[in-house]
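Residue numbers (the working numbering): 5 to 154.
In what follows, a single structure is set out as structure tokens and then discussed.
This is the structure in structure tokens:
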């Protein structure tokens with residue numbers, strides 16, 4: 005099962021509990037792997053939130069058995085330097101500083117660090133040193149918030 009398929013399996017339960025499935029990482033292999041579930045809500049995430057989601061997600065994984073082999077389940081908040089993976093994330097954090105890495109160079113570069121100016125279903129605009137760069141969402145390898153002072 006791919007990460008996207010696993011996200012589709014888990015997301016309804018996470019949402020029903022009152023959280024957003026902000027991101028999901030699956031790393032398998034060796035003597036064990038890890039399934040990391042990142043959750044969020046407007047007023048932040050605490051330990052009780054992680055425990056609640058962990059119990060529900062664990063039950064689904066036990067019943068559906070979508071992940072082969074042994075793995076640890078981890079549930080946490082996305083953190084201050086959270087990944088931006090959905091259009092909604094980019095729209096929510098407009099005006100914030102972001103680091104974007106592209107799959108292929110654009111304008112001779114793959115990395116952009118600047119202010120997130122706008123976002124729609126196809127592109128984001130990042131202002132770097134007073135110059136705006138329109139970046140296709142489909143070309144983004146990773147995008148993260150940059151915490152204040154970092």
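Using N, Cα and C, we set each Cβ at its ideal position, and we do this for glycine too.
{"Asked": "Collapsed DSSP secondary structure at residue 45 in the structure displayed", "Found": "coil"}
{"Asked": "Residue 87 - containing beta strand (DSSP E), residue span", "Found": "No beta strand (DSSP E) contains residue 87, which DSSP labels as neither H nor E."}
{"Asked": "Contact the stretch 87-107 vs the stretch 50-69: 3+ CB pairs below 8 angstroms", "Found": "no"}
{"Asked": "Alpha helix (DSSP H) runs wholly inside the stretch 73-147, at least 4 long, in chain order", "Found": "91-96"}
{"Asked": "Residues bridged to residue 29 [DSSP beta-bridge criterion]", "Found": "40"}
{"Asked": "Own chain partners of residue 27 with C-beta closer than 7 angstroms, once the 5 adjacent residues on each side are dropped", "Found": "42, 82, 87, 89"}
{"Asked": "With 16 other Cβ atoms within 10 Å as the buried cut-off, status of residue 19", "Found": "exposed"}
{"Asked": "Inter-stretch contact (C-beta, 8 angstroms, three-pair minimum) for the stretch 113-125 and the stretch 71-79", "Found": "no"}
{"Asked": "Closest by C-alpha distance to residue 153, when choosing among 147, 102, 138", "Found": "102"}
{"Asked": "Neighbourhood of residue 105 by C-beta, 7 angstroms cutoff - its chain only, sequence neighbours within 5 removed", "Found": "114, 115, 145, 146"}
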